[in-house]
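Offset between the sequence shown (1-based) and my numbering: plus 16.
For glycine and all other residues, C-beta sits at the position ideal for the given N, C-alpha and C.
Report on the following structure.
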Amino acid sequence: MALPQLNIRIPPHIDERFKTHATRNGTTKTEVVLSALALYLDCAEDVPLREKVAVIEERLAALEAEVHRVQTMPLMER
């Protein structure tokens with residue numbers, strides 16, 4: 017049986033961010049929408065694994081940057 021289809025219209029500036037996000041995370045626009053809907057509807061278990069990994073990688077990069085910032089901070093400022 018075919019999956020239901022959803023068609024939407026979005027403003028150009030959101031479409032650009034949408035495409036950039038999908039490309040940056042090596043995923044499809046469909047997977048991005050499915051992930052967003054799953055999170056919005058509180059059924060995170062349905063988020064594709066690739067999207068979960070991409071979110072974890074972004075959070076890890078932010079933590080690593082913060083650790084580096086703190087490590088290079090003079091001791092008196094810590």
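Counting C-beta neighbours from all protein chains within 10 Å, is the total for Ala-70 16 or more, i.e. buried, or is it exposed? Under this definition Ala-70 is a buried residue.
Hey, quick one: how far does the alpha helix (DSSP H) through Ile-26 stretch, first residue to last? Here Ile-26 belongs to no alpha helix (DSSP H), and DSSP marks it neither H nor E.
Indicate whether Ala-38 and Thr-44 have their beta-carbon atoms separated by less than 8 Å. Result yes, Cβ atoms of Ala-38 and Thr-44 sit closer than 8 Å.
If I measure Cβ to Cβ from Asn-41 and keep anything under 6 Å in the same chain, skipping five residues before and after, which residues do I get? Cβ neighbours of Asn-41 beyond the five flanking positions: Ala-70.
Following the continuous alpha helix (DSSP H) through Ala-63, name the residue where it begins and the one where it ends. Before going on, a small fix: residue 63 reads as Val here, not Ala. Element bounds for Val-63: n/a, residue is neither H nor E.
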